[in-house]
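Those protein sequence lines, which keep their order, are chains A and B.
Numbering that gives the first Met the number 0 numbers the first residue of the first sequence as 0 and each following residue consecutively.
Numbering that gives the first Met the number 0 numbers the first residue of the second sequence as 0 and each following residue consecutively.
This report refers to the structure that appears directly beneath it.
There are 2 protein chains.
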Amino acid sequence: MLEIRLARSADFEKIWPIFHEIVSAGETYAYARDTNQDQGFQLWMTLPRQTFVIEENGEILGSYFIKTNQSGGGDHVCNCGYMVSSQARGRGVASMMFAHSQNIAKDLGYLAMQFNFVVSTNESAVRLWTQCGFDTVGRLPKAFHHPAHGLVDALIMYKWLAN
Amino acid sequence: MLEIRLARSADFEKIWPIFHEIVSAGETYAYARDTNQDQGFQLWMTLPRQTFVIEENGEILGSYFIKTNQSGGGDHVCNCGYMVSSQARGRGVASMMFAHSQNIAKDLGYLAMQFNFVVSTNESAVRLWTQCGFDTVGRLPKAFHHPAHGLVDALIMYKWLAN
Numbered sequence: 000m001l002e003i004r005l006a007r008s009a010d011f012e013k014i015w016p017i018f019h020e021i022v023s024a025g026e027t028y029a030y031a032r033d034t035n036q037d038q039g040f041q042l043w044m045t046l047p048r049q050t051f052v053i054e055e056n057g058e059i060l061g062s063y064f065i066k067t068n069q070s071g072g073g074d075h076v077c078n079c080g081y082m083v084s085s086q087a088r089g090r091g092v093a094s095m096m097f098a099h100s101q102n103i104a105k106d107l108g109y110l111a112m113q114f115n116f117v118v119s120t121n122e123s124a125v126r127l128w129t130q131c132g133f134d135t136v137g138r139l140p141k142a143f144h145h146p147a148h149g150l151v152d153a154l155i156m157y158k159w160l161a162n
Numbered sequence: 000m001l002e003i004r005l006a007r008s009a010d011f012e013k014i015w016p017i018f019h020e021i022v023s024a025g026e027t028y029a030y031a032r033d034t035n036q037d038q039g040f041q042l043w044m045t046l047p048r049q050t051f052v053i054e055e056n057g058e059i060l061g062s063y064f065i066k067t068n069q070s071g072g073g074d075h076v077c078n079c080g081y082m083v084s085s086q087a088r089g090r091g092v093a094s095m096m097f098a099h100s101q102n103i104a105k106d107l108g109y110l111a112m113q114f115n116f117v118v119s120t121n122e123s124a125v126r127l128w129t130q131c132g133f134d135t136v137g138r139l140p141k142a143f144h145h146p147a148h149g150l151v152d153a154l155i156m157y158k159w160l161a162n
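So this is what it looks like as structure tokens:
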């Protein structure tokens with residue numbers, strides 16, 4: 000039985016191994032690979048507007064944040080980031096978090112969701128977000144330095160949420 | 000005789016009227032229209048990596064900042080923002096600042112420059128950046144709430160700087 004709930008500060012102890020595995024690999028997120036736990040807490044728990052965890056029997060399988068993507072005249076568009084534990088991949092955990100985040104975004108009054116930097120070689124992410132209704136509205140040539148593939152493109156993906 | 004130099008903290012007293020006029024109009028920058036002077040200082044002077052002013056006989060005609068657009072695998076792409084005093088428009092001040100910023104960007108080791116959010120109705124900006132060699136690599140539908148035109152698109156513009 001999977002449950003999604005707001006993250007508490009103490010949850011970061013269990014989020015950190017997931018965050019660290021993904022970020023230190025340097026293949027999908029534009030965070031420094033040597034981001035430490037305090038910096039990770041800042042990025043994942045403090046800067047966003049809200050952070051959630053998805054858990055099963057008290058074990059955290061993944062986490063996501065939601066924040067406002069631009070201020071002022073751009074503040075009706077939100078941005079989210081999602082991470083899933085490597086042990087929990089292939090179970091639809093990211094899809095479940097996305098569905099939840101889309102409802103939260105609407106509840107918070109956002110009209111659209113934008114992903115600023117989807118690494119083009121992260122094919123499972125591109126496929127998932129496309130299935131979730133996102134359009135690829137931009138492509139940044141050679142904007143990401145992939146540890147194995149060198150300079151690769153990053154995509155901007157966008158979904159209008161309002162009717 | 001126009002000169003571009005690094006901004007000092009005290010310069011913000013003279014930058015602020017330019018910043019305030021542009022930001023309070025709410026037509027071109029995704030900053031809150033009621034951004035106050037302290038918040039403006041933070042956005043323009045503190046958060047960026049470097050901030051410059053362009054002056055003539057001790058009078059500041061404009062200012063720009065440069066910063067890293069993404070961390071980690073994205074940290075070879077910079078972002079800049081430019082503001083020109085309404086009294087100094089039409090004199091090529093923005094072009095001069097851009098030429099300067101492009102050299103600074105290369106000196107700092109950046110390989111590309113990205114503008115994340117060019118409001119599509121800001122035609123003079125779109126024209127200028129296109130003339131300066133930027134490609135429009137993305138379009139965010141209805142991502143900006145313009146005070147006169149309602150929801151309008153924002154553009155992502157990108158220029159590769161390295162050879």
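All C-beta atoms in this analysis are idealised placements derived from N, C-alpha and C, irrespective of residue type, glycine included.
- Residue environment analysis places His75/A among the buried positions, since at least 16 neighbouring C-beta atoms fall within 10 angstroms of its C-beta.
- For the 7 Å CB-CB criterion, Gly71/A and Ala29/B form a contact.
- Neighbourhood of Val76/A in chain B, by CB distance below 8 Å: Leu139 and Ala142, in chain order.
- Between Glu54/A and the set Glu20/A, Arg7/A and Thr27/A, the nearest pair of CA atoms involves Arg7/A.
- Apart from sequence neighbours up to five positions away, the residues of its chain that approach Met156/B with a beta-carbon distance below 6 Å are Phe114, Val117, Trp128, Phe133 and Thr135, ordered along the chain.
- Close to Ile155/A, with beta-carbon spacing below 7 Å, are these residues of chain B in chain order: Gly137 and Ile155.
- Rounded to whole angstroms, Asp106/A and Val151/B show a C-alpha spacing of 23 Å.
- 7 Å or more divides the Cβ of Ser62/B from the Cβ of Met44/B.
- At least one CB of chain B lies nearer than 7 Å to the CB of Ala31/A.
- Taken in chain order, the unbroken stretches of beta strand (DSSP E) that lie wholly in the region 25 to 83 of chain A and span 3 residues or more are 49 to 55, 58 to 67 and 76 to 83.
- Taken atom to atom, the span from the alpha-carbon of Ile103/B to that of Ala111/B is near 12 Å.
- For Gln113/A, the neighbours in chain B by C-beta distance under 9 Å run, in chain order, Leu139 and Ala142.
- Interface criterion not met: the Cβ of Ser23/B is under 7 Å from no Cβ in chain A.
- DSSP places Arg126/B inside the alpha helix (DSSP H), whose first and last residues are Glu122 to Gln130.
- When 7 Å is used as the limit between beta carbons, Phe116/A is near these residues of chain B: Gln69 and Gly73, in chain order.
- Judged by their CB atoms, Trp15/B and Gln36/B are nearer to each other than the 7 Å cut-off.
- Identification of chain B residues near His145/A by a Cβ-Cβ cut-off of 9 Å yields Gly72, ordered along the chain.
- Taking the CA atoms as reference points, Leu5/B sits about 11 Å from His99/B.
- Between the alpha carbons of Phe11/B and Asn56/B lies a distance of about 17 Å.
- Per the coordinates, the alpha-carbon of Ala24/B lies some 44 Å from the alpha-carbon of Glu20/A.
- For Trp15/B, none of the residues of chain A pass the 8 Å Cβ criterion, the least Cβ distance being about 17 Å.
- With fewer than 16 other Cβ atoms inside 10 Å of its own Cβ, Ala161/B counts as exposed.
- Contacts between Trp159/A and chain B, judged by CB atoms closer than 9 Å, involve Pro140 and Lys141 in chain order.
- The Cβ-Cβ distance between Val92/A and Leu46/A does not fall below 7 Å.
- If you check the CB distance, Thr34/A and Asn121/A do not come in under 7 Å.
- Around His145/A, the same chain offers Gly25, Glu26, Val118, Thr120 and Val151 as residues with beta carbons nearer than 8 Å, after the five sequence neighbours per side are excluded.
- Gly80/B sits away from Ala142/A, with the two beta carbons spaced by 7 Å or more.
- Closest option to Arg88/B, judged by alpha-carbon separation, among Leu139/B, Glu2/B, Phe64/B and Ser123/B: Ser123/B.
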